[in-house]
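Below: the structure, in structure tokens.
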Amino acid sequence: MDEATKADWKTPAEIKEQYRSASILKDRRVVFNIKRNCYRLIVAIAYQRGWIMNIKPIRTEQDYEAALRAVEPMFDNEPELGTPEGDYFEVMCLLIENYEKKHYPVGVPSPVEAIKFRMDQQGLSAKDLEPAIGKSNRVYEILNGTRTLTLPMIRRLHSQLGIPLESLVGV
360 MDEATKADWK TPAEIKEQYR SASILKDRRV VFNIKRNCYR LIVAIAYQRG
410 WIMNIKPIRT EQDYEAALRA VEPMFDNEPE LGTPEGDYFE VMCLLIENYE
460 KKHYPVGVPS PVEAIKFRMD QQGLSAKDLE PAIGKSNRVY EILNGTRTLT
510 LPMIRRLHSQ LGIPLESLVG V
């Protein structure tokens, strides 16, 4: 792998010249056959940049944890986009995000959860919701789930607090 990482190939022909058993695939991918096909290394090569990125799908929890460990050090000092490290970071984050969407879906918040979240974000109290909802007893009924939002309340919460309509309607 070190040899492939340090390579400066500009075209697929340069790879084939050096490694006759390598298979050139579409999407800039190359399969290197190691020890007469006992092992295979699949890489994506950015020819114009002269560097290689080892791409492996995240299929299992172990793959997911390994991917997180690989990018975790980069979060404190994100690499610049367009650099090999930046592109690696971006691709790994996309793979991680895709895995998380499939295996850890985040449900849509209820209207009350959306209101409480915005209150927490902006440091608001129940009293601050009175212009949008009505008297304090009505605000507490909404927050406790004993009363549902009316259409005028939804409109005012959206315009005054910027809560997305989709969150307030509960779609």
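Heads up, the final residue of the sequence shown is numbered 530 in my numbering, and it's a clean run with no missing numbers. By construction, the Cβ of each residue, glycine as well, lies at the ideal position given by its N, Cα and C atoms. A quick note: this is a predicted structure, and the numbers were derived from the prediction, not measured.
Check                                                                                                                                             : Outcome
Give the range of the alpha helix (DSSP H) segment to which V390 is assigned.                                                                     : Note, V390: premise wrong, no alpha helix (DSSP H); beta strand (DSSP E) at R388 to I393.
Looking only at DSSP bridge pairs, what is N413 linked to?                                                                                        : V402
Check for me: the alpha helix (DSSP H) holding R514 runs from which residue to which?                                                             : L510 to L520
Buried or exposed for F448, please, with buried defined as at least 16 other CB atoms from any protein chain shown within 10 angstroms of its CB. : buried
Across which residues does DSSP place I383 in a beta bridge pair?                                                                                 : V389
With respect to the alpha helix (DSSP H) encompassing P371, which residues constitute its N-terminal and C-terminal limits?                       : P371 to Q377
Of all the CB atoms in chain D, is at least one closer than 7 Å to the CB of G493?                                                                : No chain D is present in this structure, which holds just one protein chain.
Figure out for me which residue from P416, S484 and L440 has the closest Cα to the Cα of E459.                                                    : P416
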